[in-house]
Amino acid sequence: MASLPPLDWLRTFETSARHENFTEAGLELGLTQAAVSQQIRKLEAHLGVTLFHRLARGVELTAEGDAYLPSVRSSLHALARSTEDLFGKKGAKVITIACPASIASLWLVPRLSWIREARPNVTLSIASIHRPADYEAINADIEIRFGTGNWEGKIATHLFSEVLSPICAPHLLQGIDKNMWQNLPCIRLAGRRSGWSEWAIEAKISPPRKTAIRFDSFITALDAAKAGVGVLLASLPLSEGALSRGDVVRLSPIELAMPSGNWLVRKEAGQMRADIEEVCRLISHAVPLNSKLFG
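Here you go:
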């Protein structure tokens, strides 16, 4: 069995593979380009294989290097995680999560107690996003974004799909035939978003024609629906709490599935603290509060 190479060589190998450039790897590690190149040469000599093709503007893994990288990366991550868990500072560590206010209030907050129980030494800071540019300005440790899962330089894990269906307060149906709810006033959301027309095509019925009020926030639109202002074409994942409490009821089993969804977005592997990786795992495994609410 070959002796293990020094840990510094392995860290330099993983960092160089991630950047595909010895100079950029050196900037992350606090080494010169020459020092990085020397450590890689020593590692290659130790293993008896060439790990990188040297190119004009960087490096590229050889077949041997590509086969070796997953084991090195997972071992470094496991060592970092164990060190953090066993010997990390006992004080609270702050992890920033950036997401739209509706996601924070209606989806994330109901799950925070579970996350806090699993990681009691972590302090979570929730930053509300109002426009896409806010993500770059905040530069959070973890992001929850709406889209198709493609963000350059990031790893995205699908959290939940966006599914729309009409809801209203139970008392709004008193004294009317439930099948005639389309005659009730409807609540609309401002902005570019699939709405009543698309859902009505899916349901093969006529959409509501009377608009009660328009909101620029799903949180306030949901509050209005709970208050009996009108019928809301609601995000079912974000309405799960209100539905489970009986604040609102579903009016139809028909659902409109959106092409985009909500994703957990984080930095590439090897760039995160162990506690951040663990919180990402906890969030990505969060289950619906009441799976029976969904069709």
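According to the UniProt record's numbering, the sequence shown is numbered sequentially starting from 1. Built from N, CA and C at the ideal position, the CB exists for glycine as well. Here the structure is a predicted model, which means the values were calculated and not measured.
Go ahead and pull the three-state DSSP assignment for tryptophan 263.
Three-state DSSP puts tryptophan 263 in a strand.
Around the Cβ of arginine 266, are there at least 16 other Cβ atoms within 10 angstroms (buried) or fewer (exposed)?
It counts as buried.
Out of Ala80, Ser16, Glu14, Ile103, point me to the one whose CA is closest to threonine 220's CA.
With distances taken between Cα atoms, threonine 220 lies closest to Ile103.
Within 10 angstroms of its Cβ, does serine 105 collect 16 or more other Cβ (buried), or is it exposed?
Classification for serine 105: buried.
Report the partner residues of valine 249 according to the DSSP bridge assignment.
Looking at the DSSP assignment, valine 249 forms a beta bridge with Cys168.
Between the C-alpha atoms of serine 74 and leucine 10, what's the straight-line distance to the nearest angstrom?
Looking at the two C-alpha atoms, the distance is approximately 11 Å.
Classify glycine 261 as buried or exposed, calling it buried when 16 or more other Cβ atoms lie within 10 Å of its own Cβ.
Buried, since its Cβ has 16 or more Cβ neighbours within 10 Å.
Skipping 5 residues on each side, what residues in its chain have a beta carbon closer than 7 Å to that of lysine 42?
Same-chain partners within the cutoff: Trp9.
Excluding sequence positions up to five away, which residues of its chain have a Cβ less than 8 Å from the Cβ of glutamine 33?
Result list for glutamine 33: Phe22, Thr23, Gly26, in chain order.
By Cβ distance below 6 Å, which residues in the same chain neighbour proline 100 in space, the five residues on each side in sequence not counted?
Contacts found: Ile129.
Mind checking isoleucine 205: buried by the 16 CB within 10 Å criterion, or exposed?
The residue is exposed, with fewer than 16 neighbouring Cβ atoms inside 10 Å.
Do alanine 156 and glycine 149 have their C-beta atoms within less than 7 Å of each other?
Their beta carbons are under 7 Å apart, which means alanine 156 touches glycine 149 by this criterion.
When the Cα atoms are used, what is the spatial distance from arginine 273 to isoleucine 40?
Taking the straight line joining both Cα atoms gives about 25 Å.
Would proline 166 be called buried (16 or more neighbouring beta carbons within 10 Å of its own) or exposed?
Per the 10 Å Cβ criterion, buried.
Helix, strand or coil: which one does DSSP assign to serine 291?
Low confidence applies here, because serine 291 scores a pLDDT of 41, under 50, leaving its location unreliable and the question unanswered by this model.
Could you check if aspartate 66 is buried or exposed, using at least 16 other CB atoms within 10 Å of its CB as the buried criterion?
Exposed, since its Cβ has fewer than 16 Cβ neighbours within 10 Å.
Per DSSP, which one or two residues make a beta bridge with arginine 214?
Answer is Arg188.
Can you list the alpha helix (DSSP H) stretches of 4 or more residues lying completely in the region 109-134, in chain order?
Correct list: 109-118.
Spell out whether any CB of chain B is found under 7 Å from the CB atom of alanine 234.
Considering every chain present, this structure includes no chain B. It has just one protein chain.
For arginine 145, which three-state DSSP category applies?
Of the three classes helix, strand and coil, the one that applies to arginine 145 here is strand, per DSSP.
Under three-state DSSP, which class holds isoleucine 155?
Reduced to three states, the DSSP call for isoleucine 155 is strand.
How is the alpha helix (DSSP H) around leucine 43 delimited, first residue to last?
That run of the alpha helix (DSSP H) goes 33-47.
Report all residues from its chain with a CB closer than 6 Å to the CB of alanine 286; omit the five preceding and five following residues, and keep chain order.
Around alanine 286: Arg111.
Quick check on the DSSP output: the alpha helix (DSSP H) that includes isoleucine 283 runs from which residue to which?
Residues 274-284.
For alanine 63, does the count of other Cβ atoms within 10 angstroms reach 16, so buried, or fall short, so exposed?
By the 10 Å Cβ count, alanine 63 comes out exposed.
Helix, strand or coil for serine 235 per DSSP?
Serine 235: strand per DSSP, three-state reduction.
Return the residue from the list Val72, His19, Val279 that minimises the CA-CA distance to arginine 57.
For the residues Val72, His19, Val279, the minimum Cα distance to arginine 57 belongs to His19.
Using DSSP bridges, identify the partner residues of glycine 58.
Partner(s): Leu55.
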